[in-house]
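Structure first, then comments.
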Amino acid sequence: MAHINGFTIDPPLVNTSCAWASEESQLQELYDCPYTGAVTTRTACGIDVADAFDQKEGVHGVRSATSINTYGYSPHSLKEYLSYVDKILSAAPNGRVKPFIVSLTATSPEILDVMISKVQTLRETHPNVGIELNTSCPNVGHPPSAYAYANCTTPAEYNASELGGLIAVFQRARAADPTLAIGLKLSPFVYAQQITAFVRGLASLGAANPVAFLTCTNTLGNSFLPASVLSGYQGAGMDGKDMFGGLAGEAIHSLSLGNVAGFRKALDASCPEVAKVEIIGAGGVTTADAARRMYDAGASVVGCATLLGKAGIGAFKLLTPGSS
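The sequence shown begins at 1 in UniProt numbering and counts up one residue at a time.
Below, the structure is given as structure tokens:
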């Protein structure tokens with residue numbers, strides 16, 4: 001069991017934002033699964049209409065539970081996802097309180113402000129809904145804002161960065177409603193100074209830090225798998241082709257573990273407002289042992305995507321203690 005700003009996630013196991021959490025039917029299946037403690041939607045980019053991104057589904061390496069994808073954000077808008085969540089929660093049995101984490105992204109503070117207001121309208125009826133800002137998709141032609149934030153050195157630089165401007169919007173939202181759970185989905189960082197610099201930026205906000213959780217990590221961009229090792233659905237016209245994109249699954253497990261451990265250490269050494277930030281550990285969680293390693297590294301909650309794509313909803317039973 002884990003607690004994130006008033007949310008109870010029990011069991012402490014979730015899906016991460018991914019292609020297999022795109023449709024209403026997929027979200028319903030994730031919600032109904034007894035082995036998930038919360039459900040995360042695929043990342044919405046666009047309020048009423050989804051921004052156009054090239055959509056290709058994930059593919060899997062045949063030799064391991066590794067995946068590579070070239071897709072960007074969801075083909076569905078935030079409006080559609082909020083409608084799905086409302087429908088699922090409204091039909092849930094009385095007393096059921098499994099949270100939803102709505103994944104969204106924006107580069108404009110003005111757009112993010114509107115997105116938050118839409119989520120808050122839903123929360124008037126269903127308060128067990130939080131927000132995860134995706135700062136880290138490597139496939140959308142825009143550098144992940146998480147990396148730029150980790151390159152800042154002064155409070156002025158943090159505040160002036162793209163992510164700093166978005167965090168300022170979250171600060172206002174959290175000041176107006178302290179019950180709103182806000183998280184950031186982060187890129188995989190490759191050296192320790194990036195992690196300490198990122199945490200230093202949150203610490204510079206002091207008591208005004210609005211972030212309740214970090215999801216570590218997203219996929220590793222600019223990765224390559226040749227067609228000879230790929231199997232599974234590869235997207236229209238992609239069969240037999242080499243793939244560049246975001247690497248996930250077993251191939252990034254050690255890197256993701258290092259990020260979880262590094263962030264937990266840096267958060268714990270920071271100010272009290274930042275030390276209480278929780279971590280959702282993701283990246284190569286393809287076995288129960290891998291999930292245990294994430295918890296041991298400092299994750300309060302563990303998330304998976306590649307195994308969900310490979311094994312379906314039964315993935316979460318495979319990740320529970322005692323599974324092989």
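Backbone N, C-alpha and C define an ideal beta-carbon position, used for all residues, glycine too.
Query, Result
"Contact under 8 Å by Cβ, Y35 with P11", "yes"
"DSSP-derived helix/strand/coil call for G249", "strand"
"Where I4 sits in the DSSP three-state scheme", "strand"
"Burial state of Q26, where buried means 16 or more other Cβ atoms lie within 10 Å", "buried"
"Nearest residue (CA-CA) to E132, options L318, A168, A176, T40", "T40"
"The region 159-172 touching the region 199-210, judged by at least three CB pairs closer than 8 Å", "yes"
"Sequence ranges, alpha helix (DSSP H) only - wholly within the region 156-207, length at least 4", "162-176, 192-203"
"C-beta atoms of A38 and I101 nearer than 8 Å", "yes"
"Limits of the unbroken alpha helix (DSSP H) element including V114", "109-123"
"Reference K276; option with closest CA among A315, I313, G206, F316", "G206"
"Selection from G141, V85, P155 that minimises the alpha carbon distance to T121", "V85"
"Nearest candidate by alpha-carbon position, reference A261, set A248, N15, S74, G283", "G283"
"With 16 other Cβ atoms within 10 Å as the buried cut-off, status of K241", "exposed"
"For M243, the residue or residues it bridges with in DSSP", "L225"
"Proximity of T66 and G249 at Cβ, strictly below 8 Å", "yes"
"Contact belief for S161 with Y149 at Cβ below 8 Å, rounded distance in angstroms", "5 Å"
"Opening and closing residue of the beta strand (DSSP E) in which I68 lies", "66-69"
"Residues of its chain near K265, where Cβ-Cβ distance is below 8 Å and the 5 sequence neighbours each way are ignored", "G298"
"Short Cβ contact (8 Å threshold) for T215 with I280", "yes"
"Reference D32, options E80, T320, P321, F316, closest by Cα", "F316"
"In DSSP terms, what V301 is bridged to", "I280"
"Within 8 Å, strictly: CB atoms of L82 and K118", "yes"
"Continuous alpha helix (DSSP H) stretch holding G309: start and end", "306-311"
"A19, DSSP secondary structure in three states", "helix"
"From S74, G322, P93, residue whose alpha carbon lies closest to that of T105", "S74"
"Collapsed DSSP secondary structure at I101 in the structure displayed", "strand"
"N5 Cβ short of 7 Å to the ligand HEM heavy atom set", "As for the ligand HEM, it is missing from this structure, which has no ligand bound."
"Residue range of the beta strand (DSSP E) that includes I131", "129-134"
"Inter-residue Cα distance where the pair is G201 and L267", "11 Å"
"M193 burial status per 10 Å Cβ neighbour count (16 or more: buried)", "In the sequence as presented, Met is not what sits at residue 193; that position holds Gln. Under this definition Q193 is an exposed residue."
"Buried/exposed call for R174, threshold 16 Cβ in 10 Å", "buried"
"Residue closest to T107, alpha-carbon to alpha-carbon, out of N94, G141, H76", "G141"
"Close Cβ partners of A146 (< 6 Å) along its chain, the five nearest in sequence each way excluded", "T135, S136, L186, S187"
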